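Colleague: Each protein sequence line maps, in turn, to chains X and B.
Residue numbers 1 to 349, in my numbering, belong to the letters of the first sequence in order.
Residue numbers 1001 to 1095, in my numbering, belong to the letters of the second sequence in order.
Backbone N, C-alpha and C fix where the C-beta goes; we use that ideal spot for every residue, glycine too.
The model shown is predicted, which means the values in this text are computed figures rather than measured ones.
My questions will all concern the structure given below.
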Amino acid sequence: MSEFFTRMGDGSGIYMTAAEIREDILKGVKEAADHGKIPDLTQEEMDYLFDIITMPGNIVGVERGREVVSTSDSGSCKMTYHANIAMERSMAVMVSEKVLGADSIDIGNMDYSYKAVKQIVHNETPVMELAQLNAVIPVLYGSMPNLGLYTKPDGPVENWSELLPLAKIDEACAAQEEAVEHAVRDMVFVAGEMYEAGADGINLDTCGASGDADFLAGLLATEKIKEKYPDLGVEIGAAGEFVLGMHGKLEYDGTRIAGLYPHKQVKLTEKAGANIFGAVVNTNTNKTFPWNIARTVTFVKACVEAAEIPVHVNVGMGVGGISMSEIPPIDVVTRADKALIEIGKADGL
Amino acid sequence: MSGIRTAGDLVLRMQLAKSMKIDDAKKYVAEKLGVKPIDLSDSDRMAEIRAKNGLGRSFDLNKLPKGIEAKFNIAKILDIKINSVDLFKMKTGIK
């Protein structure tokens, strides 16, 4: 019986038979459909996904004319901080534009959080200004709401992660609500500074990392940013496929935030005024790539169908069907991209 | 889409500025450039069009608009506001 090379969610290589791959595709689709209460992929779509997974060649590509655009989170930091190349960030923008062919790029600080950036924004804006003079591609500024940073001892509010195990529920909720106010203020402040430095957009990245209050902070900040700077593009990137209910009762425009999956997350980002939504579906390292990408595409297809704004799917390590590994294997990356664009109908990555 | 090697930056600008889905953004940019949407991903075709319209390109830049200069032309041809272009005009007194 012939076998096909593929991978586990942690990136390790495995061989699977056609029957095993088809079984995992079906299971991945069902898992997403059950949890998200969304439609399954059609049999035709699952057959095409099987074709993508088993295509010969180390890398695969989309059909001509189906190419999509890309945004990034901590894009210009990949060369400077992550790869440790001694390079100023506006120079990394130029390398991204001219050498890598990026459609856009974001500048971010090493501590990719708005709370940290607020303190040093006067040193961040000249980087943006210089980049804007030299770059042709849209250059955004990116950071995370990162609500956890607002807790004591580093921040001003009580730590809800310490209060919750003590059953101090009301105090934990109040602390999160207070942290939202601080985070929104910081995000709007930094967005304003970047707008005046010429930024094309602001990326509120990994919204929901600290749960529903974190996601709410991103939505409320977007509202205020669009009110003050209507021409500044806003991208909201999610932290996960499911908003954790660390608070549990927070609502936005009458919708409870905790427990929302991507197809509902995107509707709130639209209401807030965001221009692009970065959908996230997490990778399960104990499952195979066929299972993970089938599950991801099912969520993404539902999200894109529900969305009136463009959806850019996060396809980095550990999300979007991509392996949870420092150096994502190119066979998995290109197959995930093709599936998300051609079956999931993603507007970008 | 490969950014300024093709028309990826232009398509992305329409998503960021007008929340256009990918097919709508491609159609808009293609109409403005007078090409078909499928041409937007053709690096050979776009190199010629970008040079002709002064939209910036990766290499062979001699005497062609670069950086903010190219963005002046992009704002005009796509009929959109580009923040850095408006700031440049304001700071230099250009009407």
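1. The alpha helix (DSSP H) spanning residue 23 of chain X covers which residue range?
2. Helix, strand or coil for residue 223 of chain X? Go by DSSP, reduced to three states.
3. Would you call the CB atoms of residue 7 of chain X and residue 50 of chain X closer than 7 Å?
4. Give me, in chain order, the residues of the same chain whose beta-carbon lies closer than 6 Å to that of residue 97 of chain X; leave out the 5 immediate sequence neighbours on both sides.
5. Below 8 Å on C-beta distance, what does residue 1005 of chain B contact in chain X?
6. Would residue 1013 of chain B count as contacting chain X if we go by Cβ distances under 7 Å?
7. Measuring alpha carbon to alpha carbon, tell me which of X/10, X/13, X/17 and X/9 ends up nearest residue 2 of chain X.
8. Does any CB atom of chain B fall closer than 7 Å to the CB of residue 78 of chain X?
9. Give me the chain B residues within the contact set of residue 141 of chain X, using Cβ-Cβ distance strictly less than 8 Å, ordered along the chain.
10. Considering only the alpha carbon of each residue, which of X/336, X/323, X/257 and X/125 lies closest to residue 13 of chain X?
11. Taking the alpha-carbon positions, what's the residue 1071 of chain B to residue 200 of chain X distance?
12. Let me check understanding here. Comparing Cα to Cα, which of X/104, X/211 and X/28 lies closest to residue 1005 of chain B?
13. Does the structure place the stretch 1073-1088 of chain B close enough to the stretch 1048-1056 of chain B that three or more beta carbon pairs sit under 8 Å?
14. Checking the sheet assignment: what are the DSSP bridge partners for residue 3 of chain X?
15. Does any residue of chain X bring its CB to less than 7 Å from the CB of residue 1078 of chain B?
16. Residues of chain B with a CB under 8 Å from the CB of residue 220 of chain X: which are they?
17. Does any residue of chain X have a CB that is nearer than 7 Å to the CB of residue 1044 of chain B?
18. Note down, in chain order, every chain B residue with its Cβ under 7 Å from the Cβ of residue 199 of chain X.
19. Rounded C-beta distance between residue 158 of chain X and residue 183 of chain X? I'm assuming under 8 Å.
20. From the DSSP output, which residues share a beta bridge with residue 203 of chain X?
21. Spell out whether any CB of chain B is found under 7 Å from the CB atom of residue 293 of chain X.
22. Applying a beta-carbon distance threshold of less than 7 Å, which residues of chain B neighbour residue 323 of chain X?
23. Do you know offhand how far residue 277 of chain X's Cα is from residue 112 of chain X's?
24. Just checking: is the beta-carbon of residue 265 of chain X within a distance shorter than 7 Å of some beta-carbon in chain B?
25. Taking 8 Å as the threshold, find out whether the stretch 199-218 of chain X comes into contact with the stretch 140-148 of chain X through three or more Cβ pairs.
26. Within 7 Å (strictly less), CB to CB, does residue 136 of chain X reach chain B?
27. Roughly how far, in whole angstroms, is the beta-carbon of residue 266 of chain X from the beta-carbon of residue 303 of chain X, given that I think they are within contact range, below 8 Å?
28. Let me check understanding here. Comparing Cα to Cα, which of X/224, X/197, X/282 and X/279 lies closest to residue 1086 of chain B?
29. What does residue 106 of chain X pair with, by DSSP beta-bridge criteria?
30. For residue 1020 of chain B, which of helix, strand or coil comes out of DSSP?
Modeller: On the basis of the data shown:
1. The residue labelled residue 23 of chain X in the question sits at position 23 within the first sequence. From DSSP, the alpha helix (DSSP H) with residue 23 of chain X extends over 18-36.
2. Translated into the one-based positions of the first sequence, residue 223 of chain X becomes position 223. Three-state DSSP puts residue 223 of chain X in a helix.
3. The residue given as residue 7 of chain X occupies position 7 in the first sequence. The residue given as residue 50 of chain X occupies position 50 in the first sequence. No, Cβ-Cβ distance for residue 7 of chain X and residue 50 of chain X is not below 7 Å.
4. Residue numbering aside, residue 97 of chain X sits at position 97 when the first sequence is read from its first letter. For residue 97 of chain X, where only same-chain residues beyond five positions count, the Cβ hits under 6 Å are 135 and 137.
5. Taking the second sequence and counting its residues from 1, one reaches residue 1005 of chain B at position 5. Result: 101.
6. Here residue 1013 of chain B refers to the residue found at position 13 of the second sequence. Chain X contact via Cβ: present.
7. Position 2 of the first sequence, counted from the first residue, corresponds to residue 2 of chain X. The shortest Cα separation from residue 2 of chain X among X/10, X/13, X/17 and X/9 belongs to X/17.
8. Sequence index remark: in the first sequence, residue 78 of chain X carries index 78 (1-based). Not closer than 7 Å to any Cβ of chain B, the Cβ of residue 78 of chain X fails to qualify, so no.
9. Working through the first sequence from its first residue, we reach residue 141 of chain X at position 141. Neighbours of residue 141 of chain X on chain B: none; closest Cβ ~11 Å, over 8 Å.
10. Position 13 of the first sequence holds residue 13 of chain X. Selected option, being the one with the closest Cα: X/323.
11. Translated into the one-based positions of the second sequence, residue 1071 of chain B becomes position 71. Translated into the one-based positions of the first sequence, residue 200 of chain X becomes position 200. Between residue 1071 of chain B and residue 200 of chain X, the C-alpha separation is close to 12 Å.
12. The sequence position of residue 1005 of chain B within the second sequence is 5, counting from 1. When each option's Cα is compared against that of residue 1005 of chain B, the closest is X/104.
13. Pairwise C-beta distances place the stretch 1048-1056 of chain B in contact with the stretch 1073-1088 of chain B, as three or more of them are shorter than 8 Å.
14. The count along the first sequence starts at 1 and reaches residue 3 of chain X at position 3. In DSSP, residue 3 of chain X forms a bridge with X/17.
15. The count along the second sequence starts at 1 and reaches residue 1078 of chain B at position 78. False, the Cβ-Cβ gap to chain X never drops below 7 Å.
16. Position 220 of the first sequence holds residue 220 of chain X. None at all; the shortest Cβ gap to chain B is about 19 Å.
17. As a position in the second sequence, residue 1044 of chain B is number 44, starting the count at 1. By this cut-off, residue 1044 of chain B is not an interface position.
18. Reading the first sequence from its first residue, position 199 is the one you call residue 199 of chain X. Chain order gives the chain B residues near residue 199 of chain X as 1083, where near means a beta carbon separation below 7 Å.
19. Taking the first residue of the first sequence as 1, we reach residue 158 of chain X at position 158. Taking the first residue of the first sequence as 1, we reach residue 183 of chain X at position 183. The beta-carbon separation of residue 158 of chain X and residue 183 of chain X, rounded to 15 Å, does not stay under the 8 Å limit for a contact.
20. Locating residue 203 of chain X in the first sequence gives position 203, counting from the first residue. Bridge partners of residue 203 of chain X: X/142 and X/235.
21. One-based indexing of the first sequence puts residue 293 of chain X at position 293. By this cut-off, residue 293 of chain X is not an interface position.
22. As a working mapping, residue 323 of chain X is identified with position 323 in the first sequence. Within chain B, no residue comes near residue 323 of chain X; the closest Cβ sits about 24 Å away, beyond 7 Å.
23. Here residue 277 of chain X is taken as the residue at index 277 of the first sequence, counted from 1. Here residue 112 of chain X is taken as the residue at index 112 of the first sequence, counted from 1. Between the alpha carbons of residue 277 of chain X and residue 112 of chain X lies a gap of roughly 19 Å.
24. In the first sequence, the residue the question calls residue 265 of chain X occupies position 265. For residue 265 of chain X, the answer is no, since every Cβ of chain B falls outside 7 Å of its Cβ.
25. yes
26. Numbered from 1 along the first sequence, position 136 holds the residue referred to as residue 136 of chain X. Yes, residue 136 of chain X counts as interfacial toward chain B.
27. Numbered from its first residue, the first sequence carries residue 266 of chain X at position 266. Numbered from its first residue, the first sequence carries residue 303 of chain X at position 303. Residue 266 of chain X to residue 303 of chain X, Cβ: 5 Å. Contact.
28. For this step, residue 1086 of chain B is matched to residue 86 along the second sequence. Comparing Cα-Cα distances from residue 1086 of chain B to each of X/224, X/197, X/282 and X/279, the minimum goes to X/197.
29. Working through the first sequence from its first residue, we reach residue 106 of chain X at position 106. In the DSSP output, where bridge partners are listed per residue, residue 106 of chain X has X/140.
30. For the purposes of this step, residue 1020 of chain B is identified with residue 20 of the second sequence, where counting begins at 1. Residue state, collapsed to three classes: coil.
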